[in-house]
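In my numbering, the protein residues as written are 7 to 416.
For each residue, glycine too, the CB sits at the ideal point set by N, CA and C.
All values reported here derive from a predicted model rather than from experimental measurement.
Presented below is the structure to which this report refers.
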Amino acid sequence: MRKRTLLIIAVVAALAGLSVWLLTRGSGLPENLTTEVWRFSDNTVNTWFVEGQPDEEREFNMDNTTLHFGKTAGGKDIVSLLRLPLKATWLADEVYEARLFLKLAEGEAPASVSVSLAMKSWNNFEMGTDELRALIDGRNTKTGNVKAEADGWISIPVTEYVKIWMNGDMQNNGLAIFGADDKGEFVVVSGYVENEDDYPYFEVSGAVGQRESSRGNFGYTEMPTPGMAEDDAGNCLSYALRDNDMILIDDLGVNVDEMNRIYMALGEDGIADYIAGRVESYMDTHKEGLSISNFRRLDDFNSEIDGKTEYRIALRVGVDAIDGVADFHDDGAFDYHFRVQTSDGRWAQKYPLDVSEIIPYGGADVSPVKYDWDAALQWLPKFQNFYSSKVIYFAVTKDVNEFTRHKSAV
Numbered sequence: 007m008r009k010r011t012l013l014i015i016a017v018v019a020a021l022a023g024l025s026v027w028l029l030t031r032g033s034g035l036p037e038n039l040t041t042e043v044w045r046f047s048d049n050t051v052n053t054w055f056v057e058g059q060p061d062e063e064r065e066f067n068m069d070n071t072t073l074h075f076g077k078t079a080g081g082k083d084i085v086s087l088l089r090l091p092l093k094a095t096w097l098a099d100e101v102y103e104a105r106l107f108l109k110l111a112e113g114e115a116p117a118s119v120s121v122s123l124a125m126k127s128w129n130n131f132e133m134g135t136d137e138l139r140a141l142i143d144g145r146n147t148k149t150g151n152v153k154a155e156a157d158g159w160i161s162i163p164v165t166e167y168v169k170i171w172m173n174g175d176m177q178n179n180g181l182a183i184f185g186a187d188d189k190g191e192f193v194v195v196s197g198y199v200e201n202e203d204d205y206p207y208f209e210v211s212g213a214v215g216q217r218e219s220s221r222g223n224f225g226y227t228e229m230p231t232p233g234m235a236e237d238d239a240g241n242c243l244s245y246a247l248r249d250n251d252m253i254l255i256d257d258l259g260v261n262v263d264e265m266n267r268i269y270m271a272l273g274e275d276g277i278a279d280y281i282a283g284r285v286e287s288y289m290d291t292h293k294e295g296l297s298i299s300n301f302r303r304l305d306d307f308n309s310e311i312d313g314k315t316e317y318r319i320a321l322r323v324g325v326d327a328i329d330g331v332a333d334f335h336d337d338g339a340f341d342y343h344f345r346v347q348t349s350d351g352r353w354a355q356k357y358p359l360d361v362s363e364i365i366p367y368g369g370a371d372v373s374p375v376k377y378d379w380d381a382a383l384q385w386l387p388k389f390q391n392f393y394s395s396k397v398i399y400f401a402v403t404k405d406v407n408e409f410t411r412h413k414s415a416v
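In structure tokens, the structure reads:
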């Protein structure tokens, strides 16, 4: 009797193991599949409009507390634009599923919605209906079933779009959300309300695959470290050189009149070359304090480096010109920005007073020129795709593992 009991227990255990296998590998799901909520408090932007003006009474709504989509009584489309940032847990081919969660402000959940990509960056305070309509790519419109979630939430499948953004096939300019049936108008919370828990968010599932660790000799380092003040942890260039002292434009010893002359003759790419030269000159003076024994310019992204001793950094500049003319005596007319490649091929960056971040896209063989370079973490019109010059690459040999303080070492 005891043997039979043990046999039954063994069979039950085997069946349980089979069930787990079926839920993961047997069903095609990765064994290390995990799910994250990508929720943000400051970068949700939206607007909505009625397709078919002036037949309907309203063009677009500046109410920042709700998003509207669906159909008017006359059958016209009510369309919302919504953009949320991304996170960098997975690469594009590691994402399994992504869903957009919206909190219903009133009414019943629709059975289905249509979602399309916004084709370029936008500002809901400067657009009319024609500009809004031009943003929507009808060729990429997908209709998906709406899933009713708990506590008045609904979710919409957006996996394909998240992968497109993370793969760099299109910049993340957000989504256009339509009604897919004639049931009327649906109203959801936009993100500009007191309770941040009601903001729209992404729920994303993915599994980290095999990543080579030979693209450079350092992995990602978060700065500032716990307990360090944000204004004591460097800027983009110092972070790329693994140092905590900001290296600002004045430190590089630029000649403003020379920059004006270069820009008039060669444009942004000429300014990029000029700044690259100033950085190389700075390195000649400070390489000992930075503990950098070799700093060399690369021909392009595909130039080989020694992944055991070197890593790549990338420079791009942006110029704020009016009618093709920029005045570099104006502090707001120009900026430079650096990104740094980590050992697994991803790219990281840091802005002054912000915590460093892994940029949420890319991979070991994807050049950062494929993606827009914004001038801040906040998605505001004046910052979008600000750094638009050619990309200049360097290989860096840092001789110590820890971040340095090079200015105090001079």
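Beta carbon of residue i nearer than 8 angstroms to that of residue j
| i | j | result |
| --- | --- | --- |
| Thr71 | Ser196 | yes |
| Ala370 | Arg221 | yes |
| Glu447 | Gly212 | In this structure the chain extends from 7 to 416, so residue 447 is not present and cannot be described. |
| Asp312 | Arg217 | no |
| Trp159 | Lys93 | no |
| Leu87 | Leu138 | yes |
| Val194 | Ala79 | no |
| Leu90 | Phe46 | yes |
| Ser244 | Val323 | no |
| Asn241 | Glu316 | no |
Nearest-angstrom Cβ-Cβ length linking residue i and residue j, presumed shorter than 8 angstroms
| i | j | result |
| --- | --- | --- |
| Arg248 | Ala282 | About 19 angstroms separates the two Cβ atoms, so there is no contact after all. |
| Arg284 | Leu258 | 4 angstroms |
| Ala354 | Arg345 | 7 angstroms |
| Thr410 | Leu296 | 6 angstroms |
| His292 | His412 | 5 angstroms |
The alpha helix (DSSP H) enclosing residue i, as first and last residue numbers
| i | result |
| --- | --- |
| Gly295 | Val262 to Leu296 |
| Thr165 | Thr165 to Met172 |
| Ala246 | Cys242 to Ala246 |
N-terminal and C-terminal residue of the beta strand (DSSP E) that residue i is part of
| i | result |
| --- | --- |
| Val346 | Phe340 to Gln347 |
| Ser414 | Taken as a continuous stretch (DSSP letters only), Ser414 belongs to no beta strand (DSSP E), as it is neither H nor E. |
| Ala370 | Premise fails: Ala370 is in no beta strand (DSSP E) and is neither H nor E. |
| Thr403 | Ile398 to Lys404 |
| Tyr207 | Tyr207 to Gly212 |
| Leu321 | Tyr317 to Val325 |
| Leu35 | Counting along the chain, Leu35 falls outside any beta strand (DSSP E), and DSSP gives it neither H nor E. |
Residue environment, residue i, which counts as buried when at least 16 other CB atoms sit within 10 Å
| i | result |
| --- | --- |
| Met265 | buried |
| Leu28 | Because Leu28 sits at a pLDDT of 40, beneath the cut-off of 50, its placement in the model cannot be relied upon, and the point is left open. |
| Phe107 | buried |
| Met270 | exposed |
| Lys314 | exposed |
| Asp256 | exposed |
| Asn178 | buried |
| His343 | buried |
| Gly113 | exposed |
| Gly477 | Lying outside 7 to 416, the shown extent of the chain, residue 477 is not represented and no answer is given. |
| Val85 | buried |
message = For the region 107-118 against the region 379-388, do three or more pairs of beta-carbon atoms, one drawn from each stretch, fall closer than 8 angstroms, so that the two count as touching?
response = no
query = Okay, do the region 201-209 and the region 181-193 touch, 3+ Cβ pairs below 8 angstroms being the bar?
reply = no
ask   = Does the region 403-413 come close enough to the region 297-312 that 3 or more CB-CB pairs lie under 8 angstroms?
value = yes
query = Between the region 323-331 and the region 228-242, are three or more C-beta pairs nearer than 8 angstroms?
reply = no
query = Can we say the region 140-154 touches the region 89-103, given the rule of at least three CB pairs closer than 8 angstroms?
reply = no
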